[in-house]
Each structure stands twice: as C-alpha cells, then as structure tokens.
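A short write-up of the structure that comes next.
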Amino acid sequence: MGRSKKRIQYQYDAVGNRSLMIDPDGGRFSYSYDSLNRIKIVENPQAERTTFSYDADSRRALKILANGTRASFTYDAASNITTLANLKSDSSVISKFDYQYDKAGNRTVSLEADGSRVTWSYDAKNQITEDYRTGTVPYRNTFMYDPAGNRLLKNESGARTTYSYDAANQLSNSVDANGTTTYTFDADGNQQLVQAPDNDRTTTTWDYENKTTLVELPSGIRNTMSYEPDGLRVKLEESTGTKKFIWDDQNYLAESDENDDINVVYTNEPNYYGNLVSQYRKSGVVWTPGFYHYEALGSTRQLTDNAETITDTYLYDAWGNVINSSGSTENPFQFTGNVGYYSDVDTENQYIRARIYSPTIGRWCSIDPLGFVGGVNVYLAYFIPRFIDPSGTQLDHDGGYLHPDGSVRPYPPGASPGEGGPQGGVPFGPSLPGAPIPGGLGPYMPRPEPWPPTDQTIFDRWCNSQKRRGDWWTILPRCPSNLCFCPSTMDTLDGVIVFDPNDEWTYPTRIGFHESRFHPGAVYSMRSKAINGHSNQCVYDGKGQLIRTTPGHGTVDSSALGLDSQVCRMYQLMLIQSS
C-alpha cells in the first residue's frame, strides 16, 4: 500500500495514563498529569513544553504554549465557553472571542477583538438559518431546509443556490447563477460524479469499504489515497507530492514523503482525538515550529512562530469554507483542525477519518458507516456550527469528553471518566472499585454514542487502546481451509501462523490478505478477503483454539446469511462472547 513503515512505542503510568511516546525517529513525547488525572504537561522532542490548568469545576482555564503564548477560558453555569482569549506573553491579543448562547445551548453570537461580530440564528430544529458577520470580511448567508434536514436554499449575500435531492436524501443537483451542477452516486451511496454547468467533471472512485481511492479533477490532477485496515488514510498523492501519514491511534503524529523521510511532526494532547498543539515542519533543511490558536469550535484562527509572531490567519463561514486567509505556512488543519479535520489542497474537501466532508455543499460525500445512529439523514453534517464529529460517524456533544473549546463535559451518572477506563476494569463501565485497564488513553475521552455502548463498541475501543502491547500476541492455528491467511504476509512454522508484534499491520489489497490480533480471554473471529469480495472467517476460543472454520467455498460472510460485507471489514475483530 506504500504507507510509511514507522513504529511507535508507548509507556503508561500506574493508573493507565500515557506517560511516554517514542516516535519513529526516536523523539520522545512525555506526559504528566495532576492528581485528578487531567493532563498537566506535554513535552515534545523539541523540548517544547505545553502546560494546562483547570478551574474548580475541572474545566480548562489556561493553556500555555511553548513559545509563551497562551489561551484562557471562562464559562457560564452550563459550562458553555463565554470567553476564549489567545494572548501573547505580554498579554497583547492574538485573538479574542466572547460568546453568547440561546436556551438550547446553540452558540448565537461571537464578538471578536477587532470589533467584528458573528451572529448565528436557528430554526425550531436547531438548524442554522443565518450566518451573519459584520466588521472585517463581512457577509450574510441564510439557509432553508426540507423536512429531512437537506439544505434547499443558500443565499450568500444575495447569490442564491438551490438544491434538489432524491428519495435517499442524495444531492441530485444545485442551481446558481452559473447554471446547474449535477451529482451522481454509486449503488453504495457514494458521491461518484460532480458535473459543473460548463461540463467540467470531478470523478471519485471508491473501494468496497466506501473509502475514496481516486479523485480525478477537471484540471487533470489526480489524487490517490490508500488506507490502513482500520480505515485510516495512510497515503495521499496530490499535486504537492506524496504524503504518508503516521498515526498515533486516531491522531496524526507525523507525515513522511515517498522515501519515508519524515517532514512534519505534530504534537497533540493524549486524547482520543487531539487536541493539536503545534507542528514542527521541515522546509529544505530547516525545521520550523508553528503553534495553533483556536476559536471555540476548534478551528484554527492563527499560527504563531517561536517569537510569538502571527504567521498565518484563517476565517471560515459556519460550514467550514475558508473565506479569508493570510500567510504561506503549509497547514492542513484549518476548520475544526484541533481534532484532526484534514483539509485536502486539491479537492478542498476535508478528510475526517471515516468519511469525506464537503464544506461547499455542507454535506458528507458518503453515507454514515454506522447507519442511522447520527440521525435519519446519513449525509447531513449535523455538527454545524457548534458540535464536532472527529470520527466522521457520530457527534461529540455534551457529556463525557474534553471539547475543543476547552470545556470538560460531564459524564452521565455512574459512567467512567476515561477511555479504557478505570472502573471495574471495563472501559466506559460503571463506577465500581477496580484496577484500571493497562494502557488506557487517559481521562475525558469521547464516549461512544448511543449510550450505553454495546459490548462490541467496548471491545473495539479496548482493542484500539491495547493493540501495540507486546503481550497481546500469541500463536494461532492455521485455517484448515487455507483461506484465512496469506503466506506472503507472515512467517509460518510447523503449520501455525506466527504474528510479529513489530509488524502488526497487513494490508487487504489482494485476495488472501488479512489482519488479525489475539488476546487471551476473548473469543473473536479472524477475517480475510475472499475471492467473491466477502470475508472468510475462522473463530477462536479464549485459548486460541479453532471453534469454527471457514467452509470450503470460501466465505461465511455473505448476503445470503444476512451480513453486510461493507460492515464486516476484513480487519475488524469481532467479539463473539467473553470466555
């Protein structure tokens, strides 16, 4: 697949908080926590130290970046952020935002330090109906919707665009002063073709897991993408060159070029999604730091350098379109960049882990992999303009996570305060006495929705936090049908498959490839790509012994059995029961 062949090492403290991460080039990230297990200090390989402090209600009050700049936060009684001030060390203002909210908690007003004012209005369904800015770069955008939540009208300071949809809530066409743009979808609900009024065509190719693999633009530019078995994008070839992505679980750690030479390293807090602190980027032979400054949603508004000088600025509308910017620093993390929304240069879309979001139309380009969990309309960007959706599948909102605006949202009664988290040894479990699960990702992680989580969700999230621990690996018997393995992807010894913890990923790019892990005490299935496009499956018990094998025809995962091959990823660990 051409991903960057880099490895990451982790260490944890006695209660399961990450204390150390060693990046592929040996750089050390250290993490310290206060007595309540809240992140207190993050130090990166450049010895850049970021510190954090909290108010009496455990809400973030202050973040001090390594270049001396800081962000301070104040809140109302409902823990809505009311003031966010990005300041230099001499207290001069980088940016400052004073917020107001309605009774439903929607953000209604943002007053900025330069006198600009942004006002958001909503309908009875909390859909944004007006995005109105006065002061610098003024605009007024209004919106109307159909009963399903599809945007029917966008009026941008007098420039009107109307939208039409089919019965599946797929966008059929949009009409503006230039003419009609048509949208075509494939059988799996993926946006496949956009044809502009001048007949310029943008064509998108999707794989069997509904991941974008190729975008062909009217200019002739081609973007190609590759993914890990868990769905994360690990390679992007675009007009600026090849980028290979090195992930720290769900966070971007670094990017490398086609030769696997790292050219940018990102510093994040040890949260499940972000929060992004800084980048350290190479240009020629010179490495330059850039420090991020956000507004309440988590969108980047400024970058500063070591001398606290503002190098870049960004301004967005409510849907994430960049309406004004300055500076030349390469920075893919712009709109809601704090939690890893990655802006692609050529397409102007945003890659958000599970899906692609188009700010231009204000919609996802494919259906929600979780189906109707986020709502009946699987294309809607329900997060506009207050919430975030860092997974690309479901909102993060009030309850049990650290929001990009710095506020710590409360958990429901009896719920655990952390991923992998401590209570009774069960992630997201009830608050019972018990030891933490080793390797937990720390407090205030996003909790799964809907609440309470299913056993499958708990197991998957636990696996994600534990997968790099060496003691997770064991020897599994070979599939009797010779279907659930590929000899070219692993070593074999006396009829068994030996998994190498230093090479945990294999890529399902050819028939027979698979990726699998085993942890004693759990029963799960191992899947691999079959010739008919479905998944083979061998099931093992808690001791690693086969308890069900693949039939001779090569699949137990087919539509005839009522299982959707799009859901059953060949990578996914499927928990059958606890042993």
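Under the working numbering, residues 55 to 633 are what the sequence shown spells out, in order. For each residue, glycine too, the CB sits at the ideal point set by N, CA and C.
When only Cα atoms are considered, I275 and T216 end up about 29 angstroms apart.
For S211, there is no enclosing beta strand (DSSP E), since its DSSP letter is neither H nor E.
Membership of D185 in the beta strand (DSSP E) is indicated by the continuous run 182-188. Between T234 and I410, the gap from beta carbon to beta carbon reaches 7 angstroms or more. A straight line joining the alpha-carbon of K289 with that of G169 spans about 42 angstroms.
For Q63, same chain residues with a beta-carbon under 6 angstroms away, outside a window of 5 residues either side, are I76 in chain order. The stretch 294-310 makes contact with the stretch 324-332; the number of CB pairs closer than 8 angstroms reaches 3 or more. Taking 7 angstroms as the cut-off, the Cβ atoms of F127 and I135 count as close. DSSP places G274 outside both helix and strand once states are collapsed to three, so it counts as coil. Of all C-beta pairs linking the stretch 356-364 to the stretch 340-348, three or more are shorter than 8 angstroms, placing the two stretches in contact. Restricting attention to P251, N244, Y155, D242, the CA atom closest to the CA of S228 is found in P251. Taking C-alpha positions only, D398 is separated from Q404 by approximately 6 angstroms. Collapsing the DSSP output to three states places N392 in a helix. In the structure shown, K265 falls within a coil segment according to DSSP collapsed to helix, strand and coil. The stretch 378-396 makes contact with the stretch 439-446; the number of CB pairs closer than 8 angstroms reaches 3 or more.
Rounded to the nearest angstrom, the Cβ distance from W174 to T162 is 6 angstroms, consistent with a contact under 8 angstroms.
Runs of the beta strand (DSSP E) lying entirely within the stretch 327-356 and spanning at least 3 residues, in chain order: 330-337, 340-348. The residue from N378, E210, G81, I364 with its alpha-carbon nearest to that of I148 is I364. Beta bridge pairing from DSSP links A139 with S126, K150. Counting along the chain, S445 sits inside no beta strand (DSSP E), nor does DSSP assign it H or E at all.
Its chain contains Y411, G416, R417, W418 as the residues whose beta carbon lies nearer than 7 angstroms to that of A435, once the 5 sequence neighbours on both sides are disregarded; these appear in chain order. Rounded to the nearest whole angstrom, the CA to CA distance from F151 to N195 is 21 angstroms. If you draw a straight line from the Cα of N204 to the Cα of A350, it is about 26 angstroms long. When DSSP states are grouped into helix, strand and coil, D230 belongs to the strand group. Minimum Cα-Cα distance from L165 among the listed residues G159, Y153, W260 corresponds to Y153. Non-local C-beta neighbours of T294 in its own chain, meaning closer than 7 angstroms and more than five positions away in sequence, comprise V399, ordered along the chain.
In the same chain as A125, and ignoring 5 residues on each side of it, the C-beta atoms closer than 6 angstroms to its own belong to K117, N140, in chain order. Under DSSP, the beta-bridge partners assigned to S380 are T367.
Following the DSSP letters along the chain, one finds F299 inside the beta strand (DSSP E) bounded by residues 295-302. Secondary structure note for A408: it is in no beta strand (DSSP E), with a DSSP letter that is neither H nor E. In the three-state reduction of the DSSP assignment, V163 falls in the strand class. Here V96 is not near Y87, since their CB atoms are 7 angstroms or more apart. Just so you know, the alpha carbons of T354 and T367 end up roughly 8 angstroms apart.
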